[in-house]
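Read the structure below first, then the notes.
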Amino acid sequence: MIRRAAPEDTEVCVGILSRWIEETPWMPMVHSRASMISFWRGRLTEAEGWIVNEDGFALRDGNFISALYVAKQARNTGVGTRLLETAAGGRGTKLWTFQANTAARAFYQRRGVSEVFRTDGDNEEGLPDVLLERLG
9 MIRRAAPEDT
19 EVCVGILSRW
29 IEETPWMPMV
39 HSRASMISFW
49 RGRLTEAEGW
59 IVNEDGFALR
69 DGNFISALYV
79 AKQARNTGVG
89 TRLLETAAGG
99 RGTKLWTFQA
109 NTAARAFYQR
119 RGVSEVFRTD
129 GDNEEGLPDV
139 LLERLG
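Mapping of the sequence shown onto our numbering: residues 9 to 144, in sequence order.
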């Protein structure tokens, strides 16, 4: 069910991410769809990526999971867990999430990912975030 993501998957990944942003009242839309497509096509070329149909995707850059998004219809079905396990690959990993994303923070905590650092919003969205870490 999980397969390697490729640049051809850009539209699907941007669709999943865009819908998440639209469904999340506190999350600003800081990029146009065209700029998101251009950016994510490059990301899917550079990083290790995985995708589950139109249900979710994850990217890993070195020891960082730089993206993990699950579509609304696929939440609480195991897709997120499978993406996290695949992206982590049995190794230690770090990732960022927004402090306001309590559902994601709870999801990661249940899977042994711990909070290690917080910021006041040193990101392009200007939102407080949290660095999480899972030891391998």
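The C-beta atom is built at its ideal place from N, Cα and C for all residues, glycine as well.
Would you mind sorting residue i into buried or exposed? The rule is 16 or more other CB atoms within 10 Å of its CB.
i	result
residue 38	exposed
residue 125	exposed
residue 128	exposed
residue 58	buried
residue 14	exposed
residue 44	buried
residue 48	buried
residue 88	buried
residue 75	buried
From the DSSP output, in three-state form, read off residue i for me.
i	result
residue 85	coil
residue 48	helix
residue 143	coil
residue 110	helix
residue 17	helix
residue 74	strand
residue 67	strand
residue 62	coil
residue 53	helix
residue 92	helix
residue 40	coil
residue 104	strand
residue 22	helix
State the CB to CB distance for the pair residue i and residue j, rounded to an integer number of angstroms; the pair is presumed to be in contact (CB under 8 Å).
i	j	result
residue 86	residue 144	At roughly 21 Å, the Cβ-Cβ gap does not stay under 8 Å, so residue 86 and residue 144 are not in contact.
residue 106	residue 130	Between residue 130 and residue 106 the Cβ distance is about 12 Å, and since that is not below 8 Å, they are no contact.
Just the Cα atoms here: how many angstroms apart are residue i and residue j?
i	j	result
residue 122	residue 19	32 Å
residue 115	residue 92	10 Å
residue 21	residue 27	10 Å
residue 40	residue 25	12 Å
residue 23	residue 66	14 Å
residue 9	residue 79	15 Å
residue 82	residue 94	17 Å
residue 111	residue 133	19 Å
residue 56	residue 96	11 Å
residue 150	residue 77	Since the first residue of the chain shown is 9 and the last is 144, residue 150 is not available in this structure.
(request) Would you check if there are 3 or more beta carbon pairs closer than 8 Å linking the segment 98-116 to the segment 46-54? (result) Cβ pair count under 8 Å is below three, so no.
(message) Using 8 Å as the cut-off, can you tell me whether the segment 61-73 makes contact with the segment 112-119, which would need three or more C-beta pairs spanning the two stretches below that distance?
(response) No, because fewer than three Cβ pairs between the segment 61-73 and the segment 112-119 fall closer than 8 Å, the two stretches do not touch.
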